[in-house]
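What follows is one structure encoded as structure tokens, with my remarks underneath.
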Amino acid sequence: MALDFSGQNLRGRNFKGRQDLAGANFSYADIRGANFTNANLTGVNFSHAKAGLQQSWVISAALVTAFLVLSALSKSVIVALIIASLVVINVAMVASRYSWAVALTANLVLTIAGSIALVLALIISAVVTGSISFDVILAGAVPVVLAFLGFIYLAVVGSRGAIISTARARVEAGIVPFSIAIADECLKTAITNTGGTSFRIADLTDANFTAATLKNTNFGSANVTNTCWFKAKKLDRARVGATYLEKPQVRELVITGQGKDKKFDGLSLRGVNLQAANLADASFIGTDLSEASLQDADLSRAKLKQTQLDATDLTGATLTGAFIEDWGITNTTKLHGVRCEYVFMRLPTKEDPDPLRKPDNKKEVFEDGDFADFIQPIFDTLDLYHNQGVDPRAVAIAFKNLTQNHPEAELEIVAMEKRGDDKILLRAKTAPGSDKSELSAEYFDDYNQLKALSQSQQALLIEKDSYISDLKNMITTVLQQPKSYTQGNTIMSDISGINIQGSSNVSGIAGGGSVANLGTISGNVNIALNQLPDSPSADKPGIKELLTQLQEAISQSSDLPDEEKAEALEQVQTLAEAGKNPQESTKQKTAKTAITMLKGIFSSLPAIASLVEAGNKLLPAIAKLFSLG
Numbered sequence: 116m117a118l119d120f121s122g123q124n125l126r127g128r129n130f131k132g133r134q135d136l137a138g139a140n141f142s143y144a145d146i147r148g149a150n151f152t153n154a155n156l157t158g159v160n161f162s163h164a165k166a167g168l169q170q171s172w173v174i175s176a177a178l179v180t181a182f183l184v185l186s187a188l189s190k191s192v193i194v195a196l197i198i199a200s201l202v203v204i205n206v207a208m209v210a211s212r213y214s215w216a217v218a219l220t221a222n223l224v225l226t227i228a229g230s231i232a233l234v235l236a237l238i239i240s241a242v243v244t245g246s247i248s249f250d251v252i253l254a255g256a257v258p259v260v261l262a263f264l265g266f267i268y269l270a271v272v273g274s275r276g277a278i279i280s281t282a283r284a285r286v287e288a289g290i291v292p293f294s295i296a297i298a299d300e301c302l303k304t305a306i307t308n309t310g311g312t313s314f315r316i317a318d319l320t321d322a323n324f325t326a327a328t329l330k331n332t333n334f335g336s337a338n339v340t341n342t343c344w345f346k347a348k349k350l351d352r353a354r355v356g357a358t359y360l361e362k363p364q365v366r367e368l369v370i371t372g373q374g375k376d377k378k379f380d381g382l383s384l385r386g387v388n389l390q391a392a393n394l395a396d397a398s399f400i401g402t403d404l405s406e407a408s409l410q411d412a413d414l415s416r417a418k419l420k421q422t423q424l425d426a427t428d429l430t431g432a433t434l435t436g437a438f439i440e441d442w443g444i445t446n447t448t449k450l451h452g453v454r455c456e457y458v459f460m461r462l463p464t465k466e467d468p469d470p471l472r473k474p475d476n477k478k479e480v481f482e483d484g485d486f487a488d489f490i491q492p493i494f495d496t497l498d499l500y501h502n503q504g505v506d507p508r509a510v511a512i513a514f515k516n517l518t519q520n521h522p523e524a525e526l527e528i529v530a531m532e533k534r535g536d537d538k539i540l541l542r543a544k545t546a547p548g549s550d551k552s553e554l555s556a557e558y559f560d561d562y563n564q565l566k567a568l569s570q571s572q573q574a575l576l577i578e579k580d581s582y583i584s585d586l587k588n589m590i591t592t593v594l595q596q597p598k599s600y601t602q603g604n605t606i607m608s609d610i611s612g613i614n615i616q617g618s619s620n621v622s623g624i625a626g627g628g629s630v631a632n633l634g635t636i637s638g639n640v641n642i643a644l645n646q647l648p649d650s651p652s653a654d655k656p657g658i659k660e661l662l663t664q665l666q667e668a669i670s671q672s673s674d675l676p677d678e679e680k681a682e683a684l685e686q687v688q689t690l691a692e693a694g695k696n697p698q699e700s701t702k703q704k705t706a707k708t709a710i711t712m713l714k715g716i717f718s719s720l721p722a723i724a725s726l727v728e729a730g731n732k733l734l735p736a737i738a739k740l741f742s743l744g
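Rendered as structure tokens:
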């Protein structure tokens, strides 16, 4: 059972190294000065907690500050020393625009200059007054000692990198000059490390700091994956170490949840918690959002070019109108329940504000739940790249042989892409754990041997195998489709192809092209049908047999125009893809839509048309096998 410390006074308590705090409740607790170093705080609730310095430390800091201020105002010579110090700081400010190293060197210069000024002040005081004033010693020694300690801290202490980077971020954000930022960061670090709340090296995965007060709190080297900072107070006064919180704009984002129209290009936001955040029209080009939580976030029209989304949770997020060029989703990216009507496969330009929209038809949109099925790529694939003199027959035979020799690999073609002149990429899905290197080597050994055979010898091998024949025809069709695209001002290699796994609404997503003619579509359907199991009963046709009959009826129909015939065949392909898992709810939904589309197509035909009769007979039987009847 999780521990409950809610509302308790825990000032100065030591929880260092505690591994039994996972899921504990510290909401509304006073944890000022508490030590959580290296503790297991996964899923802990710190909402509305008050962290930072204990009251005694606050009073001490205030007394020291007041003492220094009063001392500085006590003698005119002290004012002169302060002015001299400010001159050196100004030099460092100017230098920092050109070199950060110069700004650090200024601290050493300040130490040396202050030491010389102190010696001269002591000599002058001794000569003029005949004695050495304590005020002079205090006024000269304090800034010298502080400057020297600051330099040593930056030069030696292991956390200097975090101090410098945080200071630099504040400067770049236009908050303070670098010299002042360095001094301030050193002071905060010293105070926090000695009297503030410490979460150093703690595991804060999924922890909740909603509305917590975090001034003078140390998060150095802590794991802050999916940590919630919503409405956290004074986070800018905490030690955040080398985390995504270093950047002021990121701190503002996680606190407010408002990132609309803002740029986060190239930032490392790995593990950030942006649940339900407003990120519409935001730019994340080249940003690392791996392991981030984007549940229910609004990413409408967001620029996600080359955004890394490995293990990112996009459950329930809105992606309508997003630009997903080369985005880095993986098989661990969660896309369940994504709300998306359409996306763009390229970034917009003045010439093309809606580049490569999917679905291609601007009158069509993804239905609920369709986006994840259609856009999530096949990650565990065997990529067979043929770079010269492609022989479609040899490719088809070699691939069929590979599937027969390795049934455990569950090979399934999902895409073909033309890459330049006479080059093609054959992409096949494989079972998890398959040795793709071994499969590739065996395939190309067989392919090269088959390629050396005469056409008549090859013809004998494929004469009685419709699968090989269909595959050969598809490869030939892809090679005959010359297409190209440009990126910037550069003409790229021709890329065209057929996306085997998909839907009529998202044609050609893998290769950037679309299905060109009825022959290609029929080849798609044949491939999909051949991947379905045969009916176990010869007297009772299964999904494969019924769809085969439907395909033949559509292909042979003289009443259906070619355009509608192509659309009808694509719906048959969709049913074939769904038929691999006919009892899965998403597949049943897809099948229901496809059957409805087919009924709509057939309704325009005369009642006596043979296709209408076939449809009336076959569609109810197909629906029943999907448990839709």
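Numbered per the working numbering, the sequence shown finishes at 744, counting up by one with no gaps.
Beta carbons are placed, not taken as given, at the ideal position from N, Cα and C, and that holds for glycine.
The model shown is predicted, which means the values in this text are computed figures rather than measured ones.
Count the C-beta pairs between the stretch 509-525 and the stretch 470-490 that are closer than 8 Å, then say yes if the count reaches three, no if not. no
Please say whether residue 720 and residue 674 have beta carbons closer to each other than 8 Å? As a working mapping, residue 674 is identified with position 559 in the sequence shown. As a working mapping, residue 720 is identified with position 605 in the sequence shown. Yes, Cβ-Cβ distance for residue 674 and residue 720 is below 8 Å.
Short of 8 Å in beta carbon distance, which residues of its chain neighbour residue 159, apart from the five on each side in sequence? Order them along the chain. Within the sequence shown, residue 159 is the residue found at index 44, counting from 1. Taken in chain order, the residues that qualify are 136, 137, 138, 139, 140, 141, 319, 322 and 323.
Can you give me the C-alpha to C-alpha distance between residue 697 and residue 646, rounded to a whole angstrom? Taking the sequence shown and counting its residues from 1, one reaches residue 697 at position 582. Taking the sequence shown and counting its residues from 1, one reaches residue 646 at position 531. Cα to Cα, the separation comes out at about 14 Å.
Within 10 Å of its beta-carbon, does residue 730 have 16 or more other beta-carbons around it, so buried, or fewer, so exposed? In the sequence shown, counting from the first residue as 1, residue 730 sits at position 615. Burial call: buried.
Beta-carbon proximity list for residue 501, same chain, < 6 Å, skipping 5 on both sides: Stepping through the sequence shown from its first residue, residue 501 is reached at position 386. Result list for residue 501: 539, in chain order.
Please report the straight-line C-alpha distance between residue 701 and residue 544, rounded to a whole angstrom. Within the sequence shown, numbered from 1, the residue matching residue 701 stands at position 586. Within the sequence shown, numbered from 1, the residue matching residue 544 stands at position 429. One C-alpha to the other measures close to 20 Å.
If you draw a straight line from the C-alpha of residue 743 to the C-alpha of residue 586, how long is it? Counting from 1 along the sequence shown, the entry for residue 743 is found at position 628. Counting from 1 along the sequence shown, the entry for residue 586 is found at position 471. If you take the alpha carbons of residue 743 and residue 586, they lie about 32 Å apart.
Straight-line CA distance for residue 682 to residue 474? Numbered from its first residue, the sequence shown carries residue 682 at position 567. Numbered from its first residue, the sequence shown carries residue 474 at position 359. So the two alpha carbons sit approximately 14 Å from each other.
Residue 449: beta carbon under 7 Å from a heavy atom of the ligand MG? Absence of the ligand MG is noted for the structure shown, with no ligands found whatsoever.
With distances taken between CB atoms, is the gap from residue 506 to residue 542 smaller than 8 Å? As a position in the sequence shown, residue 506 is number 391, starting the count at 1. As a position in the sequence shown, residue 542 is number 427, starting the count at 1. Taking 8 Å as the Cβ cut-off, residue 506 and residue 542 do not qualify as a contacting pair.
Take every Cβ of the stretch 364-383, pair it with every Cβ of the stretch 330-341, and state whether three or more of those distances are shorter than 8 Å. no
Restricting to Cα atoms, I'd like to know which of 419, 394, 449 and 412 is closest to residue 400. For the purposes of this step, residue 400 is taken as residue 285 along the sequence shown, with counting starting at 1. For residue 400, the nearest C-alpha among the options comes from 419.
Identity of the residues DSSP links to residue 443 by a beta bridge: Locating residue 443 in the sequence shown gives position 328, where the first residue counts as 1. BP columns for residue 443 point to 423.
Quick one: what's got a C-beta closer than 6 Å to residue 134's C-beta in the same chain, skipping five residues either side? Against the sequence shown, residue 134 aligns to sequence position 19. The residues are 155.
Cβ neighbour criterion (16 or more within 10 Å) applied to residue 680: Taking the sequence shown and counting its residues from 1, one reaches residue 680 at position 565. When all chains shown are included, residue 680 counts as buried.
Under a three-way DSSP split, which group does residue 500 fall into? Numbered from 1 along the sequence shown, position 385 holds the residue referred to as residue 500. In this structure, residue 500 counts as strand in the three-state DSSP scheme.
So what does DSSP say about residue 542, is it helix, strand or coil? Numbered from its first residue, the sequence shown carries residue 542 at position 427. Correct three-state label for residue 542: strand.
Simplified DSSP state of residue 450, which is helix, strand or coil: Here residue 450 refers to the residue found at position 335 of the sequence shown. Coil.
Starting from the C-beta of residue 157, find all residues in its chain whose C-beta is less than 8 Å away, skip the five residues before and the five after it, and write them out in chain order. Within the sequence shown, residue 157 is the residue found at index 42, counting from 1. Within the same chain, residue 157 has close Cβ partners 137, 138, 318, 319, 320, 321 and 322.
So what's residue 106 in DSSP terms, helix, strand or just coil? Here the chain comprises residues numbered 116 to 744, so residue 106 is not present and cannot be evaluated.
Beta-carbon contacts of residue 374 that lie in its chain and below 7 Å, excluding the five residues immediately before and after: Here residue 374 corresponds to residue number 259 of the sequence shown, with the count starting at 1. For residue 374, where only same-chain residues beyond five positions count, the Cβ hits under 7 Å are 368, 392, 393, 394 and 397.
Quick one: Cα of residue 146 to Cα of residue 550, how far? Residue mapping note: residue 146 aligns to position 31 of the sequence shown, counting from 1. Residue mapping note: residue 550 aligns to position 435 of the sequence shown, counting from 1. Approximately 53 Å, taken between the alpha carbons.
Suppose you measure from the CA of residue 738 to the CA of residue 441; what does that come to, to the nearest Å? On the sequence shown, residue 738 is found 623 positions in, with the first residue counted as 1. On the sequence shown, residue 441 is found 326 positions in, with the first residue counted as 1. Approximately 37 Å between the Cα atoms of the pair.
How far does the alpha helix (DSSP H) with residue 369 in it reach, from first residue to last? Position 254 of the sequence shown, counted from the first residue, corresponds to residue 369. Segment 363-371, the alpha helix (DSSP H) holding residue 369.
Hey, how far is the Cα of residue 531 from the Cα of residue 661? For the purposes of this step, residue 531 is taken as residue 416 along the sequence shown, with counting starting at 1. For the purposes of this step, residue 661 is taken as residue 546 along the sequence shown, with counting starting at 1. Between residue 531 and residue 661, the C-alpha separation is close to 27 Å.
First through last residue of the alpha helix (DSSP H) which encompasses residue 520: Reading the sequence shown from its first residue, position 405 is the one you call residue 520. Counting along the chain, the alpha helix (DSSP H) containing residue 520 begins and ends at 507-520.
Check this for me: beta carbons of residue 353 and residue 162, under 8 Å apart or not? Position 238 of the sequence shown, counting from 1, holds the residue named residue 353. Position 47 of the sequence shown, counting from 1, holds the residue named residue 162. Going by C-beta atoms, residue 353 is not nearer than 8 Å to residue 162.
Measure the CB-CB distance between residue 342 and residue 406 and report whether it falls below 8 Å. On the sequence shown, residue 342 is found 227 positions in, with the first residue counted as 1. On the sequence shown, residue 406 is found 291 positions in, with the first residue counted as 1. No; because the gap between Cβ atoms is not below 8 Å, this pair is not in contact.
What does the Cβ neighbour count give for residue 524, buried or exposed, with the cut at 16 atoms within 10 Å? On the sequence shown, position 409 is the one that residue 524 refers to. So residue 524 counts as buried.
Measure how close the beta-carbons of residue 118 and residue 148 come, nearest whole angstrom, since I'm counting them as under 8 Å. Reading the sequence shown from its first residue, position 3 is the one you call residue 118. Reading the sequence shown from its first residue, position 33 is the one you call residue 148. Incorrect: roughly 19 Å between the Cβ atoms, too far for contact.
What's the C-alpha gap between residue 415 and residue 510? Here residue 415 refers to the residue found at position 300 of the sequence shown. Here residue 510 refers to the residue found at position 395 of the sequence shown. Cα to Cα, residue 415 sits roughly 42 Å from residue 510.
Rounded C-alpha distance that separates residue 684 from residue 669: Against the sequence shown, residue 684 aligns to sequence position 569. Against the sequence shown, residue 669 aligns to sequence position 554. The straight-line gap from Cα to Cα measures roughly 7 Å.
Could you tell me the boundaries of the alpha helix (DSSP H) in which residue 681 lies? Taking the sequence shown and counting its residues from 1, one reaches residue 681 at position 566. Element bounds for residue 681: 677-693.
Let's test the definition: count the other Cβ atoms within 10 Å of the Cβ of residue 714 and tell me whether it reaches 16, buried, or not, exposed. Position 599 of the sequence shown, counted from the start, is the residue given in the question as residue 714. Answer is exposed; the Cβ neighbour count stays below 16.
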